[in-house]
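Chains as they are written, first to last, in the working numbering: chain A, 4 to 434; chain B, 34 to 204. Using N, Cα and C, we set each Cβ at its ideal position, and we do this for glycine too. None of these values were measured; they are calculated from a predicted model.
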Amino acid sequence: MSLLMLITDNWYDIRDLGNVSHEILYQLDRVLPYSLVYIIAALMGFVASFLIFVLPSQLFVGVLGERKIIGRMQSRYGPNRVGKFGLLQPIADAIKLIQKEALTPKAADKAVMYIAPIVFVAPAVLLFAVVPFGGHSVFADIPVSIVYFIAISGLPVLAAFIGGWSHANKYSLFGSMRIVAMTISYEVPLVLSLLSVVLITGTMRLGGHDGIDGIVQWQRDYHIWLIFLQPLAFLIYFFCVSAELNRTPTDIAEAESEIVAGYLTEYSGMKWGLFYGMDIGYALAAAAFASTVFLGGWSMFGLDRWIPSWLIIIAKTHLFYFIFIWTRGTLPRLRIDQLMTFAWKFLLPLSLANLLVIATEKVIWNKATDGNFDNFWVYIFAAVNILLSVAAVFIWARLLGYRPEATPKRPRLVNTASGYVPIPAPSREVR
Amino acid sequence: MHGAGPNLAFWVLAALTLVSAGGVMVSRNLLHAVLFLIVSFLGVAGFFILLSAPFLGMAQIIIYVGAIAVLVLFAILLTPRAGRDNGETRWAAPGVLLSIALMAVLLFVITDTKWTTAKDAPEITAADLGQALLSTWVLPFEIASVLLTAALIGSIMLVRSPEEEAEDALQ
Numbered sequence: 004m005s006l007l008m009l010i011t012d013n014w015y016d017i018r019d020l021g022n023v024s025h026e027i028l029y030q031l032d033r034v035l036p037y038s039l040v041y042i043i044a045a046l047m048g049f050v051a052s053f054l055i056f057v058l059p060s061q062l063f064v065g066v067l068g069e070r071k072i073i074g075r076m077q078s079r080y081g082p083n084r085v086g087k088f089g090l091l092q093p094i095a096d097a098i099k100l101i102q103k104e105a106l107t108p109k110a111a112d113k114a115v116m117y118i119a120p121i122v123f124v125a126p127a128v129l130l131f132a133v134v135p136f137g138g139h140s141v142f143a144d145i146p147v148s149i150v151y152f153i154a155i156s157g158l159p160v161l162a163a164f165i166g167g168w169s170h171a172n173k174y175s176l177f178g179s180m181r182i183v184a185m186t187i188s189y190e191v192p193l194v195l196s197l198l199s200v201v202l203i204t205g206t207m208r209l210g211g212h213d214g215i216d217g218i219v220q221w222q223r224d225y226h227i228w229l230i231f232l233q234p235l236a237f238l239i240y241f242f243c244v245s246a247e248l249n250r251t252p253t254d255i256a257e258a259e260s261e262i263v264a265g266y267l268t269e270y271s272g273m274k275w276g277l278f279y280g281m282d283i284g285y286a287l288a289a290a291a292f293a294s295t296v297f298l299g300g301w302s303m304f305g306l307d308r309w310i311p312s313w314l315i316i317i318a319k320t321h322l323f324y325f326i327f328i329w330t331r332g333t334l335p336r337l338r339i340d341q342l343m344t345f346a347w348k349f350l351l352p353l354s355l356a357n358l359l360v361i362a363t364e365k366v367i368w369n370k371a372t373d374g375n376f377d378n379f380w381v382y383i384f385a386a387v388n389i390l391l392s393v394a395a396v397f398i399w400a401r402l403l404g405y406r407p408e409a410t411p412k413r414p415r416l417v418n419t420a421s422g423y424v425p426i427p428a429p430s431r432e433v434r
Numbered sequence: 034m035h036g037a038g039p040n041l042a043f044w045v046l047a048a049l050t051l052v053s054a055g056g057v058m059v060s061r062n063l064l065h066a067v068l069f070l071i072v073s074f075l076g077v078a079g080f081f082i083l084l085s086a087p088f089l090g091m092a093q094i095i096i097y098v099g100a101i102a103v104l105v106l107f108a109i110l111l112t113p114r115a116g117r118d119n120g121e122t123r124w125a126a127p128g129v130l131l132s133i134a135l136m137a138v139l140l141f142v143i144t145d146t147k148w149t150t151a152k153d154a155p156e157i158t159a160a161d162l163g164q165a166l167l168s169t170w171v172l173p174f175e176i177a178s179v180l181l182t183a184a185l186i187g188s189i190m191l192v193r194s195p196e197e198e199a200e201d202a203l204q
């Protein structure tokens, strides 16, 4: 009975934490000056999001879960010594990193080397400001949240760049140049894929609730997730963001087999730890953003009336983050020229084609329904888009000469051949 | 916006922008100058947000901090003589003259403008901006894109190596 009380429409309704904070701030506003309430609101939002989302996700899912899952994928145990199931491993790591001596090379630019990790951390915190955890629990509900997210997620690249430059070490500089070149390349298809989302929804606000337009609200209104309506945009976003996050299939900026550790070469101790921890922070932010834009955010086809919306978005974020871990644990690293070719020759034309298709559909939708947009056309567009996306990816890949690997008849296990993998005779002529 | 918060924000942003703009001038290392320039750009973005123009602020960050600053960094790293200091040069006298002329123009504009404060500023959304760009100001908008295309083609022509020229001539 007492549990049911928590989901009535009163201020202590746990389904939307925005109600509670709104009530507290409303009461405070009557006794305190405006600017003080403003600061209290900021602190409250920070502490709440830290306790509910950032701390458990970053420390236990990010650091520990990632190492555990990758360990299982690579047929080993992963961390299991510190605490039960290795649960205290992230804390032990942090203590070790703080104790370590932070070395600074003699020729390094000390001031720049010192501020680079700080500049790297700040945007990761700022990114979570616009992620909606419910209809009313958005920390900064600005009307251009998508643009805000793109703008802020461009800042860490600068930090990585000046960090690598400050070492006066050529491997660091190589890493810096690579990360900047890669980000510039992948930013273009990423923004184009998000542009097609903005085009069809007609709003740049991420959240929204009943009465206020927003991408999540749009997906609630039309009972469809944007991943079904725009699968191609989702795929392009996923590839681009995993390249920008610099995670393993695409981590050419810190490829240890080529350039030591890239821009992290000379960092040690907690300075390195900040870069490592915030890489996970950015991956979580990107996962939260992707699940908001493409996977319906805090809505779940009406289920958000019963389940707290912040639990839904956290679950979706972690689901998406699992895909990041999965690709990291299973795929080999790409070369830099492969990555660049992929961005400019494969993703960019596809994202332009996607934009064209979406624009055409928006016009058709507008004409066919006389401006009263209805559900029927959205489902037709979804079916058409799924077919078009599959066709476009296959045809364009074939035209560029990417071919699927010939499937081997038997699985060639390394241990049955005692470490030697026989190379089959080429079945078709090499072009 | 009114009250203590925006006032405080204005003075903090003004100090940040001006101090880092000064840093651009006095720092001896060219790369430090660029970093100061980035902080200055961020301060200007803050002013846009303070003036209730969040879209312009975000565009400022994307274009100036995300693109132009990175471009300048690249230019410095790829220029052979960028290692020298940002200091003594024989162009000092023309530089001073030019800056005095620029300041005179700016002072003229500042004193000539009628600075009025509007009671209720109309709320301008990103949609309104897009509408204006593609209807009233469509010609300057298109000319800007032509300019960008020309710059793109020009840079490609500049970096072509003689070998590539020869290859193309054979085909």
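Original post:
Is it true that the region 266-283 of chain A meets the region 111-127 of chain A, where meeting means three or more beta-carbon pairs spaced less than 8 angstroms apart?
Top reply: Counting Cβ pairs under 8 angstroms, three or more are found: they touch.
**OP:** In angstroms with no decimal places, state the Cα-to-Cα distance between residue 403/A and residue 234/A.
**Re:** Taking the straight line from one Cα to the other gives about 21 angstroms.
**OP:** Locate the alpha helix (DSSP H) running through residue 356/A, then write down its first and last residues.
**Re:** 351-371 is the extent of the alpha helix (DSSP H) around residue 356/A.
**OP:** With 8 angstroms as the C-beta to C-beta threshold (strictly closer), list the residues of the region 135-167 of chain A near chain B in chain order.
**Re:** Within the region 135-167 of chain A, the residues whose Cβ lies closer than 8 angstroms to some Cβ of chain B are 145, 146, 147, 150, 151, 153, 154, 155, 157, 158, 160, 161, 164 and 165, listed in chain order.
Original post:
Since residue 212/A sits in a beta bridge, which residues does DSSP pair it with?
Top reply: When DSSP reads this structure, residue 212/A sits in a beta bridge with 215/A.
Subject >> Minimum Cβ-Cβ distance from residue 273/A to chain B less than 8 angstroms >> reply: So no, residue 273/A is outside the interface.
Original post:
If you draw a straight line from the C-alpha of residue 103/B to the C-alpha of residue 183/A, how long is it?
Top reply: Those two C-alpha atoms are separated by around 8 angstroms.
Original post:
Do you know how far the Cα of residue 120/A is from the Cα of residue 108/B?
Top reply: So the alpha carbons of these two residues sit roughly 24 angstroms apart.
Subject >> residue 111/A versus 104/A, 75/A, 197/A and 170/A, residue with shortest Cα-Cα distance >> reply: Residue 170/A is the option with its Cα nearest to residue 111/A.
Original post:
In whole angstroms, what is the alpha-carbon distance linking residue 172/B and residue 141/B?
Top reply: CA-CA distance, residue 172/B to residue 141/B, rounds to 29 angstroms.
Subject >> Opening and closing residue of the alpha helix (DSSP H) in which residue 65/B lies >> reply: It spans 63-83 - the alpha helix (DSSP H) in which residue 65/B sits, taken as one unbroken run.
Original post:
Using a threshold of 7 angstroms, is the CB atom of residue 315/A nearer than that to any non-hydrogen atom of the ligand SAM?
Top reply: Questions concerning the ligand SAM fall outside what the structure shown contains, since it holds no ligand whatsoever.
**OP:** Starting from the beta carbon of residue 68/B, find every residue of chain A whose beta carbon is closer than 9 angstroms, and list them in chain order.
**Re:** The answer, in chain order, is 115, 118, 161 and 165.
**OP:** Establish whether the CB of residue 91/B and some CB of chain A are separated by less than 8 angstroms.
**Re:** For residue 91/B, the closest Cβ of chain A is nearer than 8 angstroms.
**OP:** Can you tell me the Cβ-Cβ gap for residue 296/A and residue 87/B, rounded? I've got them flagged as a contact below 8 angstroms.
**Re:** Incorrect: roughly 19 angstroms between the Cβ atoms, too far for contact.
Original post:
For residue 183/A, which residues in chain B fall below 8 angstroms Cβ to Cβ?
Top reply: The contacting residues are 103, 106 and 107.
**OP:** Could you work out which residues of chain C lie near residue 207/A, taking near to mean beta carbons separated by less than 7 angstroms?
**Re:** No chain C appears in this structure, whose protein chains are A and B.
Original post:
Is it true that the region 136-153 of chain A meets the region 309-321 of chain A, where meeting means three or more beta-carbon pairs spaced less than 8 angstroms apart?
Top reply: Yes, the region 136-153 of chain A touches the region 309-321 of chain A.
Subject >> Through-space distance from residue 133/B to residue 291/A, alpha-carbon basis >> reply: Approximately 51 angstroms, taken between the alpha carbons.
Subject >> Three-state class that DSSP yields for residue 102/A in the structure shown >> reply: Here residue 102/A sits in helix by DSSP.
Subject >> Alpha-carbon to alpha-carbon, residue 368/A and residue 384/A >> reply: Taking the straight line from one Cα to the other gives about 9 angstroms.
**OP:** State yes or no: is the C-beta of residue 255/A within less than 8 angstroms of the C-beta of residue 193/A?
**Re:** Pairing residue 255/A with residue 193/A gives a Cβ-Cβ distance that is not under 8 angstroms.
Original post:
When the Cβ atoms of the region 52-59 of chain B are set against those of the region 141-161 of chain A, are three or more pairs found closer than 8 angstroms?
Top reply: Pairwise C-beta distances place the region 52-59 of chain B out of contact with the region 141-161 of chain A, as fewer than three of them are shorter than 8 angstroms.
Original post:
Does any CB atom of chain B fall closer than 8 angstroms to the CB of residue 339/A?
Top reply: It does not; no Cβ of chain B falls within 8 angstroms.
Subject >> Nearest to residue 389/A (by Cα), restricted to the options 327/A, 232/A, 102/A and 226/A >> reply: Minimum Cα distance to residue 389/A is reached at 232/A.
**OP:** Counting only the same chain and skipping the five closest in sequence on each side, list residues whose C-beta sits under 8 angstroms from that of residue 108/A.
**Re:** The beta carbon of residue 108/A sits closer than 8 angstroms to those of 170, 171, 172 and 269, all from its chain and outside the five residues before and after it, given in chain order.
Original post:
What separation, rounded to the nearest whole angstrom, lies between the Cα atoms of residue 242/A and residue 293/A?
Top reply: Residue 242/A and residue 293/A: Cα-Cα distance of roughly 12 angstroms.
Subject >> Inter-residue Cα distance where the pair is residue 92/A and residue 76/A >> reply: Those two C-alpha atoms are separated by around 19 angstroms.
Original post:
Considering residue 184/A, what are the terminal residues of the alpha helix (DSSP H) in which it resides?
Top reply: Taken as a continuous stretch (DSSP letters only), the alpha helix (DSSP H) holding residue 184/A covers 173-204.
Original post:
the region 131-158 of chain B: which residues have C-beta closer than 9 angstroms to a C-beta of chain A, in chain order?
Top reply: Within the region 131-158 of chain B, the residues whose Cβ lies closer than 9 angstroms to some Cβ of chain A are 158, listed in chain order.
Subject >> Straight-line gap, residue 191/A to residue 63/B (C-alpha atoms, nearest Å) >> reply: The alpha-carbon atoms of residue 191/A and residue 63/B are separated by roughly 28 angstroms.
Original post:
For chain B, is any of its Cβ atoms less than 8 angstroms away from the one on residue 358/A?
Top reply: So, not an interface residue.
Subject >> residue 103/A versus 316/A, 381/A, 276/A and 325/A, residue with shortest Cα-Cα distance >> reply: Considering only alpha carbons, the answer is 276/A.
**OP:** Identify the contact partners of residue 121/A in chain B, using a Cβ-Cβ distance below 8 angstroms as the criterion.
**Re:** Taking the beta carbon of residue 121/A as reference, no residue of chain B falls within 8 angstroms; the closest one sits roughly 13 angstroms away.
Original post:
Which chain B residues are close to residue 367/A, counting only those with a beta carbon under 7 angstroms from its beta carbon?
Top reply: The CB of residue 367/A never comes closer than 7 angstroms to any CB in chain B; the least such distance is about 20 angstroms.
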